[in-house]
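Just so we're aligned, residue 1 is where the sequence shown starts under the numbering used here, counting upward by one. Okay, structure first, notes after.
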Amino acid sequence: MSRRAVWITAFLGVTTVALVAECWASWDSSPDTVPWTDLIVGYVPGEITALVLGALAAWLPVHFGLRYWRKRRAE
């Protein structure tokens, strides 16, 4: 297995585990499973959260737009 395949598998695996864990914690009624949302609201000031979410909302279209543009250009 190539290094690229190992990286892709590990990266997608970690992403999947994080998303499933977040959904599980959000839907589980047990106080022992705490979702990221509760942790962020509890420990990160609202202004910082808004700044990060705003930056993410501005960055994602550029990030994906560039990748799709490069893909189209290569074809």
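Note that CB positions come from ideal geometry on N, CA and C, so glycine has one too. Everything numeric in this text was worked out from a predicted model, so none of it was measured.
Practice problem: Tell me, to the nearest whole angstrom, how far the beta carbon of Glu22 is from that of Trp36; I am working on the premise that it is less than 8 Å. | Solution: 6 Å
Practice problem: Assign Val6 to one of three DSSP states: helix, strand, or coil. | Solution: helix
Quiz item: What is the rounded straight-line gap between the Cα of Ala50 and the Cα of Ala18?
Solution: 22 Å
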